[in-house]
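Position 71 of the sequence shown, counting from 1, maps to 106 under our numbering, and the rest follow consecutively.
Here a beta-carbon is modelled for each residue, glycine too, at the ideal position from N, C-alpha and C.
All of these numbers come straight from a predicted model, not from anything done at the bench.
Inspection log for the structure reproduced underneath, given as structure tokens.
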Amino acid sequence: MSFVTPFILQGLPILHVVLGIALAIWTLTFLVRIVMTWYPQVNLSKGFWPLIGLPTEPFLALTRRIVPPIGGVDVTPVIWLGLVSLARELLVGQQGVLSQILLGK
């Protein structure tokens, strides 16, 4: 089993970069969804909007069952923006777990 640890540590920088980029893109999609709540007439199935709707809608639909709209405003994108930002900071942020493992090598 000791031969596995160096192999994992070699792939860790790649995982760090890929996870950082993926979480950043996901954060941006939730930011766009927040702006889209101001324009409810936008159709998520036309144009390039499916690029925003497909990765976010399953999570938003699940959260909408728990958190209803407040004053007619859908707050679920704000919740997910906070959760994804927190996950990004905890994993690949300056003091994140993966960042600290890479620094301690």
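Open item on the list: Restricting to runs no shorter than 4 residues, where is the alpha helix (DSSP H) found entirely within the region 51-96?
Closed with: For the alpha helix (DSSP H) assignment, the region 51-96 encloses no uninterrupted run of at least 4 residues.
TODO: Could you tell me whether the region 99-113 touches the region 63-82, where touching means 3 or more Cβ pairs closer than 8 Å?
DONE: Segment contact: the region 99-113 against the region 63-82, three or more CB-CB distances shorter than 8 Å; contact assigned.
Open item on the list: Suppose you measure from the CA of L116 to the CA of F94; what does that come to, to the nearest Å?
Closed with: Near 11 Å, if we compare the C-alpha coordinates of F94 and L116.
Task: Supposed close pair T91, T62 - CB separation, criterion 8 Å - done: In fact, because the Cβ distance is near 11 Å, the residues do not count as touching under 8 Å.
Open item on the list: For I136 and L118, I'd like the C-alpha separation in whole angstroms.
Closed with: Approximately 22 Å between the Cα atoms of the pair.
Open item on the list: Let me confirm a value: I56 is counted as buried when at least 16 other C-beta atoms fall within 10 Å, else exposed. Which label applies?
Closed with: With fewer than 16 Cβ atoms within 10 Å of its Cβ, I56 is classed as exposed.
Open item on the list: I'd like to check one pair, L126 with V132: are the Cβ atoms closer than 7 Å?
Closed with: In this structure, V132 lies near L126, with their beta-carbon atoms less than 7 Å apart.
Task: Continuous alpha helix (DSSP H) stretch holding V127: start and end - done: Bounds of the alpha helix (DSSP H) holding V127 are 111-127.
Task: Inter-residue spacing [alpha-carbon to alpha-carbon] between V52 and G128 - done: Approximately 11 Å between the Cα atoms of the pair.
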